[in-house]
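This report concerns only the one structure given below.
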Amino acid sequence: MESITIAGGPRLRGSVRVGGAKNAALPILAATILVPGEHRVRNVPRLRDVDTMTRLLEILGAKVERQGDEMLIETGALSGEEAPYDLVKTMRASVLVLGPLLARAGQARVSLPGGCAIGERPVNLHLAAMRALGAEIAIAHGYITARSGRLRGARIHFEKQTVTGTENALMAAVTAEGSTEITNAACEPEITDLARALGGMGARISGAGTASIVIRGVERLRPLDHAVMPDRIEAGTLMLASAITHGDVLVEGADPTHLGAVIAKLREAGARVEETPAGVRVEGPGRPRAVDIKTGPYPEFPTDMQAQFMALLAVSRGLGVIHETIFENRYVHVAELKRLGADITLDGNLAIVRGKPALSGARVMATDLRASASLVLAGLRAEGETVVARAYHLDRGYERLDEKLAGIGARTGRIKERL
Ligand code: EPZ
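And the structure:
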């Protein structure tokens with residue numbers, strides 16, 4: 190198993206390019222199920238989660254070929270409608286094949302995803318949306334079995350904003366009979382990117398990116414050809430790497446309009462953030478100021494940046510309070526940050542972080558994707574060497590993050606360890 194080594198200290202300088210967005214690529218790859226043909230998806234990052242979605246598409250009968258940053262997906266002959274447990278348990282986003290399979294084949298059998306490190310992760314809202322569109326849903330033996338004739342347009346109200354729930358509803362509704370209105374839809378940029386990809390297939394969608402989306406069902410779609418948007422969470426993580434190391438880094442390709450809440454908090458913490466046509470330039474302060482963070486649905490501060498910002502608070506001047514409102518257990522990184530010397534107290538969904546002038550490098554364990562990014566960031570600043578075990582968590586959602594950091598001056602490496 191691989192671990193990442195980080196020698197703390199260097200101030201990062203230079204420019205680094207952000208890749209395609211994981212959380213846009215995954216639904217867009219699932220959308221190729223909607224119509225037979227040869228689909229082309231561009232700017233697809235090389236990630237374990239993309240590999241998992243690729244394997245899932247192949248199990249369903251698609252042929253998938255990668256050509257550099259592009260993927261060709263041929264979905265002419267779907268031979269199956271089942272997303273098996275051993276795949277779904279490794280990636281919850283596998284549930285994104287539910288809507289497209291129902292729209293294409295009128296049936297789907299998807300393993301219940303089960304929980305993960307950050308929470309229970311139910312899919313009840315996904316199922317309610319499918320039922321609203323006319324599907325019959327049964328749950329037995331850990332699987333969701335869904336059946337439908339042609340789906341019928343409906344009014345879908347999400348009692349809670351759900352990103353993949355909105356995406357499943359969007360994909361199921363594009364060829365439903367009649368119109369669908371989704372209210373309290375999630376507004377994340379990845380949903381807008383999916384809607385753009387679906388529009389390129391001939392779907393008729395208005396309001397994506399707002400809480401109210403209208404889809405007019407169409408009779409037929411054509412294969413998609415779409416370039417995935419830049420990854421705003423990878424961009425935010427790279428921006429924090431500059432902020433935590435008193436660096437000066439241009440994150441090329443970052444779209445500042447997707448990062449309003451993160452940029453505002455970085456500026457409040459004393460970083461200088463410049464929005465340029467090439468991307469976002471971040472100059473970190475010698476020592477950041479403590480700030481308070483409250484996560485929420487887009488455009489509020491993204492929960493996927495909470496762990497990374499906690500690393501910055503750990504070395505800030507003052508006391509910062511983090512309020513995680515999306516997931517019930519997204520503090521698994523706290524115990525590991527404390528091994529690096531961070532002073533953090535948990536109280537329910539609040540984390541009180543007392544900034545310290547220095548952290549000290551240590552062996553730590555990655556537990557989930559963003560927690561591992563947080564440990565890498567803390568390691569950049571900690572005195573001495575930090576070793577982050579179970580690097581596969583990081584590789585699920587970041588393409589070669591350690592190498593990208595090394596390219597702007599970090600002293601990072603990889604070692605194989607028997608753990
Ligand atoms: C997406 O997960 C992202 N994943 C997550 O990113 C991200 O943290 C999350 O949205 C929130 O922004 C992908 O897009 C692949 P939700 P998703 O449904 O869709 C509850 C990462 O690090 N809920 O918006 O699974 C749920 O428990 C990952 O890249 C229900 O109760 O999240 C949570 O409290 C981690 N019932 C809240 O809603 C449901 O049916 C928001 O979850 C669905 C969700």
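Just so we're aligned, residue 190 is where the sequence shown starts under the numbering used here, counting upward by one.
A virtual CB, placed ideally from N, CA and C, is assigned to each residue, including glycine.
| query | result |
| --- | --- |
| Three-state secondary structure assigned by DSSP to threonine 353 | helix |
| First and last residue of the uninterrupted alpha helix (DSSP H) at glycine 602 | No alpha helix (DSSP H) contains glycine 602, which is instead part of the beta strand (DSSP E) from 600-605. |
| Candidates Arg579, Lys593, Gly598: closest to arginine 607 by CA position | Arg579 |
| For serine 283, three-class secondary structure by DSSP | helix |
| Distance cut-off 7 angstroms: phenylalanine 516 Cβ against heavy atoms of the ligand EPZ | yes |
| Delimiting residues of the alpha helix (DSSP H) encompassing alanine 424 | 421-433 |
| Spatial distance of asparagine 313 from glutamate 325 (CA atoms) | 14 angstroms |
| Residue range of the unbroken beta strand (DSSP E) whose run includes lysine 252 | 252-256 |
| Complete runs of the alpha helix (DSSP H) confined to the stretch 477-504 [at least 4 residues] | 495-503 |
| Check whether arginine 543 and valine 576 have beta carbons under 8 angstroms apart | no |
| Whole-Å CB distance - alanine 306 paired with aspartate 557, under 8 angstroms assumed | 4 angstroms |
| Span separating the alpha-carbon of glycine 468 from that of proline 445 | 7 angstroms |
| Sequence-distant residues of the same chain with beta carbon closer than 6 angstroms to isoleucine 371, five excluded per side | Ile345, Ala358, Ile402 |
| Own chain, CB closer than 7 angstroms to isoleucine 597, minus 5 neighbours either side, in chain order | Leu201, Arg202, Gly203, Val205, Val438 |
| Proximity test, glycine 602 beta-carbon vs the ligand EPZ heavy atom, cut-off 7 angstroms | no |
| Reference threonine 264, options His512, Val286, Lys593, closest by Cα | Val286 |
| Backbone secondary structure at leucine 291 - three-state DSSP | helix |
| Distance CB(threonine 492)-CB(arginine 528) smaller than 8 angstroms | no |
| Backbone secondary structure at isoleucine 326 - three-state DSSP | strand |
| Element boundaries [alpha helix (DSSP H), containing aspartate 591] | 590-595 |
| Nearest-angstrom beta carbon gap, glycine 342 and valine 381 [assumed within contact, 8 angstroms] | Just to set this straight, residue 381 is threonine in the shown sequence, not valine. No, threonine 381 and glycine 342 are not in contact; Cβ-Cβ is about 21 angstroms, not under 8 angstroms. |
| Closest residue to glycine 197 among Leu502, His435, Val230, Ala213 (Cα-Cα distance) | His435 |
| Presumed contact (8 angstroms Cβ cut-off) between methionine 280 and threonine 241, rounded CB distance | 4 angstroms |
| Simplified DSSP assignment, three categories, for tyrosine 587 | coil |
| Opposing strand residues paired with cysteine 305 [DSSP bridges] | Gly308 |
| Contacts around methionine 360, its chain only, beta-carbon distance under 6 angstroms, and the 5 residues preceding and following it disregarded | Ala220, Gly288, Pro289 |
| Option in Val363, Pro311, Ile604, Ala321 with minimal Cα separation from threonine 353 | Pro311 |
| Glutamate 588 beta carbon near the ligand EPZ (any heavy atom closer than 7 angstroms) | no |
| Host alpha helix (DSSP H) of glutamate 509 (start-end) | One point to set straight first is that residue 509 is glycine, not glutamate, in the sequence displayed. Note, glycine 509: premise wrong, no alpha helix (DSSP H); beta strand (DSSP E) at 508-512. |
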